[in-house]
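**Q** Once you know that position 91 of the sequence shown is 91 in the UniProt record's numbering, the rest is easy, because the numbers rise by one and skip nothing.
Glycine included, C-beta positions come from ideal geometry on N, C-alpha and C.
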Amino acid sequence: MQRRFLIARATLVAAAMLAAAGVQAQAPEWKKIRIGVEGAYPPFSEVGADGKLKGFEIDLANALCAQMKAECTLVQQDFDGLIPALQSRKVDAIIASMSITDERKKVIAFSNPYYSVPARFAAKSGAKFDFTPAGLKGKKIGVQRATIHEKFVDATFKQSDIVRYATQDQAFLDLKSGRVDLTLADMVATDMGFIQTPAGKGYEMVGPEYNDPKYFGVGVGVGLRKQDEKTLAKKFNDGIAALKTSGEFKKLNDKYFKYDISVK
1 MQRRFLIARA TLVAAAMLAA AGVQAQAPEW KKIRIGVEGA YPPFSEVGAD GKLKGFEIDL
61 ANALCAQMKA ECTLVQQDFD GLIPALQSRK VDAIIASMSI TDERKKVIAF SNPYYSVPAR
121 FAAKSGAKFD FTPAGLKGKK IGVQRATIHE KFVDATFKQS DIVRYATQDQ AFLDLKSGRV
181 DLTLADMVAT DMGFIQTPAG KGYEMVGPEY NDPKYFGVGV GVGLRKQDEK TLAKKFNDGI
241 AALKTSGEFK KLNDKYFKYD ISVK
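1) Any idea if S45 is buried or exposed, counting beta-carbon neighbours within 10 angstroms, 16 or more meaning buried?
2) Is A25 helix, strand or coil when you go by DSSP?
3) Specify the secondary structure class of E46 as computed by DSSP and reduced to three states.
4) How big is the Cα-Cα spacing for I35 and I95?
5) Which first and last residues belong to the beta strand (DSSP E) in which R120 is found?
6) Quick check on the burial criterion: 16 or more other C-beta atoms within 10 angstroms. Buried or exposed for Y114?
7) K32: which of G55, P208, V143, A93 sits nearest, CA to CA?
8) Tell me which residues share the same chain as N112 and place their Cβ nearer than 7 angstroms to its Cβ, disregarding the 5 neighbours each side in the sequence.
9) With H, G and I counted as helix, E and B as strand and the rest as coil, what does DSSP make of R34?
10) Can you tell which of A109, I58, D80 has its C-alpha closest to the C-alpha of K230?
11) Only counting the same chain, and skipping five residues up and downstream in sequence, which positions put a Cβ closer than 8 angstroms to that of P203?
12) Using 9 angstroms as the threshold, is the C-beta distance between L252 and L60 below it?
13) Hey, how far is the Cα of V47 from the Cα of L53?
14) If we call anything under 9 angstroms between Cβ atoms a contact, is V218 one with A185?
15) Thinking just about the alpha-carbon of each residue, which of E38, T183, P118 is nearest to the one in I83?
16) Pull up the distance between the alpha-carbon of T197 and that of A189, whole angstroms please.
17) Hey, D181 and I141 are a contact pair by Cβ (cut 8 angstroms); roughly how many whole angstroms apart?
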């Protein structure tokens with residue numbers, strides 16, 4: 001019996017060692033990374049006239065991949081499909097102005113934040129609004145689906161008519177056509193992606209800046225699967241830190257923005 005016990009124990013130990021070795025062997029080195037991007041949120045990401053992706057986060061993704069010495073593939077996806085694509089392993093990471101919120105952290109992991117900006121409404125120049133739940137009663141507010149902005153207006157302006165869009169560009173188009181009275185988005189995307197463009201002539205940012213962490217989180221980070229938190233998250237964290245130390249992040253910031261959007 002004792003001999004059998006020792007043999008069985010040795011077999012179990014050997015099996016455990018082989019399993020551990022197998023897991024270690026299968027652990028990805030992350031030489032190839034598929035990154036989910038939106039491509040419809042200028043100036044962070046958009047599709048240029050030549051059909052190629054461009055924007056701050058596109059440049060940032062490429063810079064991070066160069067820093068990490070990884071071969072990256074950018075996979076364009078509607079924003080509301082990015083987390084499902086991550087969970088189904090169609091992509092390995094998300095770089096798409098995705099804010100780090102407690103709700104999202106229940107299902108995915110994040111890198112350290114790399115930028116943070118408040119949200120503001122956009123409306124026709126000269127339009128007057130009372131930015132309270134009662135003041136915006138009956139007003140049509142356009143928001144992008146599956147975003148912090150949708151969560152915020154749903155919770156705050158319950159008496160308003162909330163109109164949801166697949167992309168923020170669609171919300172801006174409906175604002176311009178008069179189908180909605182206001183739209184809420186990141187201040188930078190609203191300013192540079194709409195107000196300062198020919199399409200945004202006659203429109204302005206209105207109302208207060210919104211940045212309550214309950215809705216808007218603690219900044220934007222790279223979205224990752226929870227099981228990759230100790231491996232791929234570390235690579236992105238090291239990459240972000242290295243780009244900031246080298247000054248490359250500031251160069252990208254200054255290429256697109258007149259102000260510093262980085263998280264210190």
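**A** If we stick to the structure as given:
1) Numbered from its first residue, the sequence shown carries residue 45 at position 45. Under this definition S45 is a buried residue.
2) Within the sequence shown, the letter at position 25 stands for residue 25. For A25, the pLDDT reaches just 38, beneath the cut-off of 50, and the residue's location in the model is therefore unreliable, although a value from the coordinates is still provided. If DSSP states are grouped into helix, strand and coil, A25 belongs with the helices.
3) The residue you call residue 46 lines up with position 46 of the sequence shown. Strand at E46.
4) As a position in the sequence shown, residue 35 is number 35, starting the count at 1. As a position in the sequence shown, residue 95 is number 95, starting the count at 1. If you draw a straight line from the Cα of I35 to the Cα of I95, it comes to about 7 angstroms.
5) The residue given as residue 120 occupies position 120 in the sequence shown. Here the beta strand (DSSP E) through R120 covers 119-124.
6) Looking up residue 114 in the sequence shown gives position 114. Looking at its Cβ environment, which holds 16 or more other Cβ atoms inside 10 Å, Y114 is buried.
7) Locating residue 32 in the sequence shown gives position 32, where the first residue counts as 1. In terms of Cα proximity to K32, the closest of G55, P208, V143, A93 is A93.
8) One-based indexing of the sequence shown puts residue 112 at position 112. Cβ within range, chain order: G221, N237, I240.
9) Stepping through the sequence shown from its first residue, residue 34 is reached at position 34. Here R34 sits in strand by DSSP.
10) For the purposes of this step, residue 230 is identified with residue 230 of the sequence shown, where counting begins at 1. Taking only the C-alpha atoms, the option nearest K230 is A109.
11) Numbered from its first residue, the sequence shown carries residue 203 at position 203. This sequence places Tyr at residue 203; Pro is not what is there. So the qualifying residues of the chain are A122, A123, K124, S125, L175, K176, F194, I195.
12) Taking the first residue of the sequence shown as 1, we reach residue 252 at position 252. Taking the first residue of the sequence shown as 1, we reach residue 60 at position 60. The criterion of a C-beta distance shorter than 9 angstroms is satisfied by L252 and L60.
13) For the purposes of this step, residue 47 is taken as the residue at position 47 of the sequence shown. For the purposes of this step, residue 53 is taken as the residue at position 53 of the sequence shown. The alpha-carbon atoms of V47 and L53 are separated by roughly 4 angstroms.
14) Residue 218 sits at position 218 when you count from the first residue of the sequence shown. Residue 185 sits at position 185 when you count from the first residue of the sequence shown. No, the pair does not count as a contact, with Cβ atoms beyond the cut-off.
15) Position 83 of the sequence shown, counted from the start, is the residue given in the question as residue 83. Ranking E38, T183, P118 by CA distance to the CA of I83 puts E38 first.
16) Residue 197 sits at position 197 when you count from the first residue of the sequence shown. Residue 189 sits at position 189 when you count from the first residue of the sequence shown. The straight-line gap from Cα to Cα measures roughly 11 angstroms.
17) As a first step, residue 181 is located in the sequence shown; it is residue number 181 there, counting from the start. As a first step, residue 141 is located in the sequence shown; it is residue number 141 there, counting from the start. Yes, D181 and I141 are in contact; Cβ-Cβ is about 7 angstroms, under 8 angstroms.
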